[in-house]
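**Q** Okay, handing you the structure first.
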């Protein structure tokens, strides 16, 4: 009997000490922005020891956790909720501290998560409440025992009729049960003061925040992860230890690896790289063989300099060298981008189909990554890989079973037919089926009872299992032509004999003849073998399955394909294949007819017998997925995940990672980078990014002031750590790149030849205002505060809409693909623009309009970028618009045209980076007034009318009257009168006044 080992608190709930700290906060504590002000100190640039380094981040992490929770609590009315179906005490529950429970939720209908419905995740912090809260006061009302719950485990239970989501939770306070059996179903689990003891009430969970990333950081900072490798961290504590230089021993000619040198030459000669990209890749490849020192290398990749291409080729080279490498990034989007780039290179170079993909693995939350929408990534996604391999190595239906079944079928089909008949007789009995013919019959029944669509649709559902994967493949492979013919024959037979004994006739029809059984079984097993072979050579690493073995497998499939038409073309009747072929072997009369069939059958049996039945892997795929996952992760050469998810690689006996590559490293909090930096065996880290673009987002002002969002990349740059610059940009027209190059990169970036060519200058709209680069002055805008949280400028919204409409008109005329990005620093403005544009252009695949915040646009690029700066005031106040990193991102997203909208006077008065931009635009002759364009002028006037900004409309300096021959002064009575009429009438009056002022009669 297996010994049960009790789990410790930290094993049961990882990061328990941080969870307990959060549980100790009252709502008042959460809302108190000064709760940790005196404890959070500025994180230094150098550190005295690894302990000093780790502990420096902890107070700011606690404060950031509070700020995250505070932000979500204030928006609790919009939080996802769900009603509890059943709640029970867990076996681990030990009062007064270990308050463990299990919660059951009824499954979502049609497996579709409704809007606002909570979908569970490990690491979620929940509020247990008896109401759906309309505001934070509902969680803190008098007489109500407020409960927090932390989700530390998930599972899916199944019975004959239903499914449930089951959550394992830890709560901040005990749950009061009123029933003797210690469970509550559809009853109140939270007893408020004054409530009658047995009062029935609904109970809800309300999602507050997911703590998983912060818990992983917490564990890393407290050395709670397996591995505890401090070599890299010791190397970045202070200036003298931060060494990005090559190892002198590895640079010597005598010790230089010949394979490494050849790899460098191949990359340089075949990849069309510039010198800075070549040098970056060669220097990083050199680290793969260095065992003499630990190195942190910085690759500086400004916008458009081919960073993604360089990273892809670097990883491709490391794959060829079999250097076990982890590639991380701050977000799922960034991870998917770098993975896709690498995968395109690998796919183009594979020697045979998908053989070799088993050396690459991507893991993370498949739903958030939307893997089901990305067919190219599914073959390397860990969850999918484990499902396929679990089926391939299933002892009752997998690889070994299928190969042996095919051999047995071909060698002695009569014996297999007898087994089929025996199984057919007891197919309705209870118990598990034991051979492939029952499995084949199951698939026949699926075809016959119209479950094909259900099986295929199930691929998109959460929890797809390998059995359904196989069903999909086989249902698509096993064509039902023969079934249709057989059904026609049966129908005729029914018509002929229905009156005599229909029941008996149908029972006979249900049993296949020997010939039908042989052909159907062969087709089924052949298709299944093909699927299994594909699964094995796609998902097993090349260290486990060699190319020679794969080629033998393919030869077996080819032999079976050659045998199939021969098998289908002959008729053996009741004699049986073995007897007929026996006649041929003895020189019987059927020799001519069956000679080819006999030869191919023997060849197939011989080829199948040559295939390996087992592989050099532990017996894990039959037992549990965790061991299977660890096997796939441990044997992959390249591993991809977010920095936070790399915590899953900190497992005992995991194969060491040699090299760490962090893409978008300047966007990753330094404390978060400690998670992958402590991996066992790690000697070198390559950080790729640009500290002059946006850093990581930080919620708390206190944490921001403490430099909690600063990356390791940025800190090392501050310490003057050497960084390798990618110095050639391939994205922006030179007119666009000029200002950011001068302002942010000290003219270190040169324009590539492709952006200098004449055809790179595109005129999407007529007029100088719409050249490659322009500042469009919107003088009559008005900034508005949106609930005090964000700002918008509806006049600029109208101008943006008019420009996009003009671009669409040009698109319809020219029918040339066009992508437009609309960027604003303010979310309120983003939302207002999205509302204005709506779905007007969504049906046109070649005309794409993306409206996002600056932060949301980092890493993206479009043909045309329109920036709405929003701010419009007399004081020159521009708030966080003045952030240079944010400005850098916004100004470097465009390929061909960059048009910046803003109030020139406000931006000049700000004294910020935007003052320099406006001044630069004027000096270059790229400054234009929006009202100089007819369509924009009309859009502005319409917006001012809609906003009732009559002071602007009736201003004698307004665009309508600016060049008038006659000047007017409008009385207060006139202004009051015009306010009483509708918008159309106002517009007519104002237009008439404009014409009169210009001398029209």
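Residue numbers (our numbering): 468 to 1468. By construction, the Cβ of each residue, glycine as well, lies at the ideal position given by its N, Cα and C atoms.
For residue 551 and residue 1349, what's the separation of their Cα atoms in angstroms?
**A** C-alpha separation (whole angstroms): 47 Å.
**Q** Per the DSSP calculation, residue 488 is bridged to which residue(s)?
**A** In DSSP, residue 488 forms no bridge with anything.
**Q** Give the straight-line distance between the Cα atoms of residue 458 and residue 981, rounded to the nearest whole angstrom.
**A** Residue 458 lies beyond the range of the chain shown here (468 to 1468); nothing can be said about it.
**Q** Is the segment 1116-1125 touching the segment 1018-1033 in the sense that three or more CB pairs, one from each, lie closer than 8 Å?
**A** Contact fails: fewer than three Cβ-Cβ distances are below 8 Å.
**Q** Within 10 angstroms of the Cβ of residue 965, are there 16 or more other Cβ atoms? Answer buried if so, exposed if not.
**A** Note that residue 965 scores 45 on pLDDT, short of 50, meaning its location in the model is unreliable; the coordinates nonetheless yield the value given after this. Classification for residue 965: exposed.
**Q** Which residues bound the beta strand (DSSP E) around residue 515?
**A** Unbroken run through residue 515: none, as it is neither H nor E.
**Q** At which residues does the alpha helix (DSSP H) containing residue 1298 begin and terminate?
**A** It spans 1294-1304 - the alpha helix (DSSP H) in which residue 1298 sits, taken as one unbroken run.
**Q** Only counting the same chain, and skipping five residues up and downstream in sequence, which positions put a Cβ closer than 8 Å to that of residue 1264?
**A** Result list for residue 1264: 1296, 1299, 1300, 1303, 1335 and 1410, in chain order.
**Q** Please report the residue range of the alpha helix (DSSP H) in which residue 1231 lies.
**A** Neither: residue 1231 is in no alpha helix (DSSP H) and is coded neither H nor E.
**Q** For the structure I just gave you, are there three or more beta carbon pairs, one from the segment 1185-1203 and one from the segment 1221-1233, closer than 8 Å?
**A** The segment 1185-1203 is in contact with the segment 1221-1233.
**Q** If we ignore side chains and look at the alpha-carbon of each, how far apart do residue 450 and residue 1394 end up?
**A** In this structure the chain extends from 468 to 1468, so residue 450 is not present and cannot be described.
**Q** Is it right to say residue 856 is buried, meaning 16 or more other beta carbons lie within 10 angstroms of its own, or is it exposed?
**A** Buried, because 16 or more other Cβ atoms sit within 10 Å of the Cβ of residue 856.
**Q** Since I believe residue 792 is in contact with residue 785 (beta carbons under 8 Å), could you give me their beta-carbon distance rounded to a whole number of angstroms?
**A** With 8 Å as the limit, residue 785 and residue 792 qualify as a contact, their Cβ atoms being about 5 Å apart.
**Q** Considering Cα atoms alone, identify which of 1215, 498 and 509 is closest to residue 1170.
**A** For the residues 1215, 498 and 509, the minimum Cα distance to residue 1170 belongs to 509.
**Q** Counting beta carbon pairs with one atom in the segment 1330-1346 and one in the segment 1150-1161, are three or more of them shorter than 8 Å?
**A** Not touching, per the Cβ criterion.
**Q** Can you name the start and end residues of the alpha helix (DSSP H) that residue 1197 belongs to?
**A** Residue 1197 -> no alpha helix (DSSP H), and no H or E assigned at all.
**Q** Check the DSSP bridge columns for residue 1271 and list the partner residues they point to.
**A** None, per the DSSP bridge assignment.
**Q** Rounding to the nearest angstrom, what Cα-Cα distance links residue 1174 and residue 518 in this structure?
**A** The alpha-carbon atoms of residue 1174 and residue 518 are separated by roughly 19 Å.
**Q** Could you round the C-beta distance between residue 1362 and residue 1328 to whole angstroms and report it? I think they count as a contact, below 8 Å.
**A** The pair is a contact, with the Cβ atoms about 6 Å apart (cut-off 8 Å).
**Q** By how many angstroms is the C-alpha of residue 1106 removed from the C-alpha of residue 993?
**A** Whole-angstrom Cα-Cα distance: 33 Å.
**Q** Would a C-beta distance cut-off of 7 Å place residue 1162 and residue 1113 closer than the cut-off?
**A** For residue 1162 and residue 1113, no; Cβs fall outside 7 Å.
**Q** According to DSSP, simplified to helix, strand and coil, what is residue 1319?
**A** Three-state DSSP puts residue 1319 in a strand.
**Q** Assign residue 1331 to buried or exposed, taking buried as 16 or more other Cβ atoms, counted over all protein chains shown, within 10 Å of its Cβ.
**A** So residue 1331 ends up on the buried side.
**Q** Could you check which residue in 1103, 586, 496 and 878 has the C-alpha nearest to that of residue 575?
**A** The shortest C-alpha separation from residue 575 is found at 586.
**Q** I'd like the span of the alpha helix (DSSP H) that includes residue 599, first residue to last.
**A** Taken as a continuous stretch (DSSP letters only), residue 599 belongs to no alpha helix (DSSP H), as it is neither H nor E.
**Q** In the DSSP assignment, find the unbroken beta strand (DSSP E) run with residue 549 in it and report its ends.
**A** Note, residue 549: beta strand (DSSP E), 548-550.
**Q** Assign residue 862 to buried or exposed, taking buried as 16 or more other Cβ atoms, counted over all protein chains shown, within 10 Å of its Cβ.
**A** Its Cβ having fewer than 16 others within 10 Å, residue 862 is exposed.
**Q** Does DSSP put residue 569 in a helix, a strand or coil?
**A** Residue state, collapsed to three classes: strand.
**Q** What does the Cβ neighbour count give for residue 1177, buried or exposed, with the cut at 16 atoms within 10 Å?
**A** Residue 1177 should be labelled buried.
**Q** Evaluate residue 869 with the Cβ neighbour count: other Cβ atoms within 10 Å of its Cβ, from every protein chain shown; 16 or more gives buried, anything less gives exposed.
**A** Flag for residue 869 reads buried.
**Q** Grouping DSSP H, G and I as helix and E and B as strand, with all else coil, what is residue 574?
**A** Residue 574 falls in the coil class under three-state DSSP.
**Q** Do you know how far the Cα of residue 780 is from the Cα of residue 1373?
**A** Each residue's Cα considered, the two are about 46 Å apart.
**Q** List in chain order: all unbroken alpha helix (DSSP H) runs of 4+ residues lying wholly within the segment 1303-1386.
**A** For the segment 1303-1386, whole alpha helix (DSSP H) runs of length 4 or above, ordered along the chain, are 1321-1324, 1351-1358 and 1371-1376.
**Q** The beta strand (DSSP E) that contains residue 794, what's its start and end?
**A** 792-796 is the span of the beta strand (DSSP E), which, as asked, contains residue 794.
**Q** Measure the CB-CB distance between residue 567 and residue 549 and report whether it falls below 7 Å.
**A** Result no, Cβ atoms of residue 567 and residue 549 do not sit closer than 7 Å.
**Q** Which of helix, strand or coil does DSSP assign to residue 1110?
**A** Looking at residue 1110 - three-state DSSP - the assignment turns out to be coil, as it is neither helix nor strand.
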